[in-house]
């Protein structure tokens, strides 16, 4: 059992030092038992944050997974809260202009759109665009894609 738990947790980079609820969260997620998965992940997060810190890369990956589960389960406000936390901690870990913040800001935009929080969604998308432009340049296809979505979002906001 311990070996199975260690193997299930190895993608997070912690080896055998993981909280036992993380593998159960992964299993529940795969079985589409979302409430149980979220509960297991939150128990694991409390333990992992105490042991490794809030800005640890593996902890942030787990928070991002919690946000993904919440979005999929329609818990958009809770997902947005988790994504705000991930963005803040990614900034601490990688720096405020780092590439990992781009998809997180885009995911936050989606959560804000689902909540009909148009200004907050536009701000998150603007952040993703600014990060992408600074990182890759305005002519990069990734930046252009975000820019196109932002332009459409701005046009919809104007209606």
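In this note's numbering, the protein residues as written are 36 to 194.
Backbone N, C-alpha and C fix where the C-beta goes; we use that ideal spot for every residue, glycine too.
Distance, residue j Cα to residue i Cα
i, j, result
"residue 87", "residue 157", "33 Å"
"residue 168", "residue 135", "14 Å"
"residue 128", "residue 192", "33 Å"
"residue 121", "residue 112", "14 Å"
"residue 108", "residue 72", "11 Å"
"residue 70", "residue 92", "24 Å"
"residue 83", "residue 131", "23 Å"
"residue 79", "residue 173", "40 Å"
"residue 186", "residue 161", "10 Å"
"residue 188", "residue 110", "22 Å"
"residue 163", "residue 184", "11 Å"
"residue 116", "residue 103", "12 Å"
"residue 180", "residue 119", "22 Å"
Beta-carbon proximity list for residue i, same chain, < 7 Å, skipping 5 on both sides
i, result
"residue 159", "140, 143, 144, 147"
"residue 177", "167, 171"
Beta-carbon contacts of residue i that lie in its chain and below 8 Å, excluding the five residues immediately before and after
i, result
"residue 77", "101"
"residue 124", "89, 90, 94, 95, 98"
"residue 165", "none"
"residue 106", "114, 142, 145, 146, 149"
"residue 126", "133, 136"
Residue i Cβ short of 8 Å to the ligand PLP heavy atom set
i, result
"residue 111", "Here there are no bound small molecules, and the ligand PLP is not part of this structure."
Under the three-state DSSP convention, the category residue i falls into
i, result
"residue 90", "coil"
"residue 113", "helix"
"residue 126", "helix"
"residue 157", "helix"
"residue 60", "A caution first: residue 60 carries a pLDDT of 46, below 50, which makes its placement in the model too unreliable to give a value."
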